[in-house]
Amino acid sequence: MRKTLCSSLFFFISILSLHAQLGFCGGNSGAPIFIEDFGTAPSSATQHIPLPPPGTTNYTFLGNPPTPFGDGKYTVTNMNYQQFNWFNTEDHTTGDTNGRMLLVNADFVKGEFFNLRVTGLCENTTYEFSSWVLNLTPRDDLHGGSYPNPCNVSFEIWDSTETIIIKSGDTGDFYGSLLGEPGKWEQYGLVFQTQAGQTEVVLKMVNNGIGGYGNDLAIDDIVFRSCGDSITVTDGTSDQVDVCPANLPYSTTITAVPDHAVFNSHFYQWEESSDGTNWTDISGSTSEDLNVSGITTAMYYRARVAEHANNLNNSNCISYSDTFQINIQTTTPPTGLECWETATLDPATCTWTITGTQPAQPTNLECWETATFNNTTCAWDVSGTQPAQPTNLECWETATFNNTTCAWNVSGTQPAQPTNLECWETATFNNSTCAWDVTGTQPAQPTNLECWETATFNNTTCMWDITGAQPASPTNLECWETATFNNTTCSWDITGTQPAQPTNLECWEIATFNNTTCMWDVTGTQPAQPTNLECWETATFNNATCAWDVSGTQPAQPTNLECWETATFNTTTCSWDVTGTQPAQPTNLECWETATFNSTTCAWNVSGTQPAQPTNLECWETATFNNTTCSWDIESTIVTETYDADLCTNESVILTTNNNASGSSFLWSTGETTESITVNQEGQYSVDITESGCLSRKATFTVTKIDPPVIDKVESQKSDIVIYMSNSGNYLYSIDGGHSFQSQNIFYSMPSGVYNIVVKNDTCDTTSSFEHLHFEIPKFFTPNNDGYNDTFELKSSTNILINEVSIFDRFGKLLKHSKSDSFSWDGTYNGELLHSDDYWYVIIVNNTTYTGHFSLKR
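The numbering used here runs 330 ahead of the 1-based position in the sequence shown.
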């Protein structure tokens, strides 16, 4: 749940201004950059939902289904008639269906009831906030002997940290409409300006009214938009011009004229539109004047305006000028003109003049012609056609036109048809020659008759009659013989030859003619191929002897074998297998030895000599043979030692080798030749130690300066004390003035008191001290009478004096106050148990103020 620090805790908040008044943008506003209309319900049925983000509230949600709508509760709903006498009025948003609104039954305690964070603003920009508010209770509705309390709301614009008020204003007391009247929505607004680097604000609505009967309100249509100057656009005469089409294309110059009510400076981007709704930028047009030319259709012009150039293309930072409109006058030519009439537009008066006369009607027409005026061609059309001369006249007929009747007269008679025609002849009247044509030919005597057929003409049927029969086909032919009728000799020809006896038979085959299949049958089987051959033998059939010949020779045994190899014939692979392995090369040879195989003895010979050991070594050197490199390694016997030493501030340290051998000599990097030296500077020191004239040891000392401890801060974390250092080191910590130390920087479960903190390095005596007031404030208490944490308890001690304690609820209401040197609270107010929640404290101890909150848990 969001935690809000209310007005009673005003001393925690830095407030810049509390007296700004409500009002609206006095100039032109930009498009809304934030709208909260609380959405719509899915149906007309009453629905309750919690406050949608990004808005938050400290009030309790009514619930769904709703609980009794008491003081300090809210709901977001599409039906505002939630109490017996509230106005039954729709939400304020225009055009929505089942629209929702925020309903608030103000708490008895004055304080914030709505919080909304608005982001995406522009710095150094003026904005207008507005919201519609409805008092839900009729002002003349007497209830329980009292009229309803008025509503009174503060609208506050805070910075993003909610510690600085940018602008605020109060509605003052406002009442609902009268009984019987509809509820009346009222709009309130604030104009504010963001500062440099400020891109988000927080809107707070605070209840200033009295709870109980009345002070119930609805909120809807919360809007943020940019606010700019009132800017007119003029051509020097007006904000619009009507242009006669006769004067197109049109040109003019228009100018943006701001009233300087809001902006100190102006940056422009001109826009144009053909419909007044959809706008586009005019490239390069960024001054207060705009030259327009070549206009042939209606156009709209406006300027997008910002107070800073870098905000001009951010829709959240701009406003718009008034619109300049170029109208093209409607000059539709007159309708209903005759075709011979012409309308001419007068550019001076933008009116039409009509002139023209109808053409004269033609005379001397033929009897069949008619004159009709054609409005399309604007001329007289002479129509009508001499009646068509009759067609399809018989060849013996003649047509003559009669101008009296305006029609054709037809006269004439057909010639007589001929008689005594042959059966195949037909008489047809020829309209071309206007005589009878006799046509027809005796049917042609049939051709392609079979050699045995004869044709005779029949005048009765007017056709040729064909008679005769083919000779019978011969029988008892051989299977290879075929009978074919010969139309030339009109007899049957017999052809065919017995199939030739097959040749190229195998030596074992015999051919026999089969009259059933009319083919030669070949019989016989090749002799079987011999088996059990050697792998190197091959069987080949000999057609001359009609038997199998066997040939092949065993492969020769290999020679030139190695001394360790043996040859054995493999009948599976039909080749010689060579087996045997060379004797293994000897291993574990010395690095200087080499093994060479002797084919004569069939064994390995080993040869080689170890390298000679080196001489003339230094007294501290030793020679050791290295079998890896196969050479002698020279090693030093000098012992190398390293030591670390701490150097405390303003002190020195003794460096010594602790050498016990007699007759040793020393040479330090400082040039000193004693066994020990004293140094007071950090750094590296080295010494060479020689024994019996031979260098035997080297020692290196690293001296590190130890910085004094510096305490950064000391904190009380619940009952623990934590010490933080500014520098690192191996420190020991004390809280009793240096009497006892520990290596850990946290002291657990310490009682309240004043502690003398001392810190020192574990090797140096320099210390750092700090006096710390440790006062434990409980983070919670559980007043359930179980004997544990039943009260919120604060106690003084020898060094701790509690000066004053104040306890508040989350709304800033003072619940308990004490100036005693001890404090205890059981979680009640006026004898009533308070519910589980967070509570705030202001505690003054040893004249030091502590603020924070703790939890009451039941």
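Every residue, glycine too, gets a C-beta built ideally from N, C-alpha and C.
Find the nearest neighbour of residue i within the set the options, judged by alpha-carbon distance.
i: Met1080; options: Val483, Asn358, Asp1037, Glu1106; result: Glu1106
i: Asn1057; options: Ile612, Gln1047, Val1040; result: Val1040
i: Asn956; options: Cys921, Thr812, Val1052; result: Cys921
i: Arg632; options: Leu675, Ser617, Val563; result: Val563
i: His378; options: Arg469, Ala636, Thr979, Lys403; result: Lys403
i: His1165; options: Gly993, Val852, Leu1186, Gly542; result: Leu1186
i: Trp1170; options: Asn989, Thr939, Asp1139; result: Asp1139
i: Met1055; options: Ser1099, Ser1049, Gly798, Cys904; result: Ser1099
i: Thr423; options: Ile552, Gly357, Glu511; result: Ile552
i: Val768; options: Asn988, Trp600, Asn750; result: Asn750
i: Asp1151; options: Ile1174, Pro689, Phe399, Gln688; result: Ile1174
i: Ile364; options: Tyr543, Cys647, Asn643, Ser373; result: Correcting the residue identity first, residue 364 is Phe in this sequence and not Ile. When each option's Cα is compared against that of Phe364, the closest is Cys647.
i: Gln353; options: Leu433, Ser498, Gln413; result: The residue you asked about is not Gln; residue 353 is Gly in the sequence shown. It is Ser498 whose Cα lies nearest to the Cα of Gly353.
i: Thr959; options: Asn890, Gly882, Gln940; result: Gln940
i: Phe443; options: Phe996, Asn408, Phe485; result: Phe485
i: Asn1091; options: Ile1036, Ile1051, Asp1120, Asn1119; result: Ile1036
i: Asn1160; options: Lys1149, Asp1167, Lys1143; result: Lys1143
i: Ala548; options: Phe654, Tyr650, Asp421, Thr853; result: Asp421
i: Ser374; options: Thr427, Asn410, Thr397; result: Thr427
i: Asn816; options: Ala933, Gln719, Glu780; result: Glu780
Quick one: what's got a C-beta closer than 7 Å to residue i's C-beta in the same chain, skipping five residues either side?
i: Asp619; result: Thr583, Thr585
i: Thr1179; result: Val1172
i: Ile1053; result: Ile1041, Val1044, Tyr1063, Asn1075, Ile1087, Val1089
i: Glu948; result: none
i: Ala361; result: Arg555, Ser645
i: Gln747; result: Ala757, Trp766
i: Ser1073; result: Leu1062
i: Asn1176; result: Leu1103, Ile1130, Leu1131
Spatial neighbours of residue i within its chain, please: CB distance less than 6 Å, with the 5 preceding and 5 following residues excluded, ordered by chain position.
i: Gln523; result: Thr456
i: Ala639; result: Phe597
i: Ile984; result: Ser1006, Thr1008
i: Gly770; result: Trp754, Glu755, Thr756
i: Lys1146; result: Ile1137, Trp1155
i: Ala813; result: Ser803, Pro804, Trp822, Ile824
i: Thr1093; result: Asp976
Could you tell me which residues DSSP puts in a beta bridge with residue i?
i: Leu495; result: The sequence shown places Ile at residue 495, rather than the Leu named in the question. For Ile495, which the question treats as bridged, DSSP gives the partners Trp488.
i: His596; result: DSSP output for His596 lists no bridge partner at all.
i: Asp795; result: Thr786
i: Thr700; result: Ser713
i: His1102; result: Tyr1085
i: Gln570; result: Gln655
i: Cys356; result: Note that residue 356 is Gly in the sequence shown, not Cys. DSSP output for Gly356 lists no bridge partner at all.
i: Phe1138; result: Leu1144, Trp1170
i: Ile1041; result: Met1055
i: Gln523; result: Thr456
i: Lys1028; result: Thr970, Asp1018
Using a Cβ-Cβ cutoff of less than 8 Å, which residues in the same chain neighbour residue i once the five nearest sequence positions on both sides are dropped?
i: Asp605; result: Tyr630
i: Thr1128; result: Gly1083
i: Tyr1078; result: Ser1049, Asp1050
i: Asn900; result: Trp906, Asp907
For the ligand FAD, I want to know if residue i counts as a neighbour, meaning its beta carbon is within less than 7 Å of at least one of the ligand's heavy atoms.
i: Phe438; result: With respect to the ligand FAD, the structure shown offers nothing to examine, as it has no ligands at all.
When you compare the stretch 1002 to 1019 with the stretch 1066 to 1074, are there three or more beta-carbon pairs, one atom per stretch, that lie closer than 8 Å? no
Across the stretch 822 to 832 and the stretch 794 to 806, are there enough close Cβ pairs to call them in contact, namely three or more that are closer than 8 Å? yes
Could you say if the stretch 453 to 466 and the stretch 500 to 515 meet the contact criterion of at least three C-beta pairs nearer than 8 Å? yes
Do the stretch 479 to 498 and the stretch 381 to 390 touch if we need at least three Cβ pairs shorter than 8 Å? no
Assess contact between the stretch 482 to 499 and the stretch 552 to 562, defined as three or more Cβ pairs (one per stretch) separated by less than 8 Å. Is contact present? no
Could you tell me which whole beta strand (DSSP E) segments of length 3 or greater appear in the stretch 427 to 476? 431 to 435, 441 to 448, 456 to 465
Under 8 Å: do the stretch 521 to 539 and the stretch 445 to 464 share three or more Cβ pairs, one atom per stretch? yes
Assess contact between the stretch 585 to 600 and the stretch 567 to 574, defined as three or more Cβ pairs (one per stretch) separated by less than 8 Å. Is contact present? no
Pick out the complete beta strand (DSSP E) segments inside the stretch 899 to 926, 3 residues or longer, and give them in chain order. 905 to 909
Going along the chain, which unbroken runs of the beta strand (DSSP E) with 3 or more residues stay wholly within the stretch 946 to 982? 951 to 956, 961 to 966, 969 to 978
Give a yes or no on contact between the stretch 470 to 477 and the stretch 574 to 583, applying the rule of three or more CB pairs nearer than 8 Å. no
Is there contact here, the stretch 434 to 442 with the stretch 388 to 395, by at least three beta-carbon pairs under 8 Å? yes
Could you tell me which uninterrupted beta strand (DSSP E) segments, each at least 3 residues in length, are contained entirely in the stretch 361 to 422, listed from first to last along the chain? 403 to 407
List in chain order: all unbroken beta strand (DSSP E) runs of 3+ residues lying wholly within the stretch 530 to 568. 531 to 537, 546 to 557, 561 to 564
Let me know the beta strand (DSSP E) ranges lying completely inside the stretch 602 to 648, each 3 residues or longer, listed in chain order. 619 to 625, 629 to 636
Evaluate contact between the stretch 1012 to 1028 and the stretch 962 to 978, counting only Cβ atoms and requiring at least three cross-stretch pairs below 8 Å. yes
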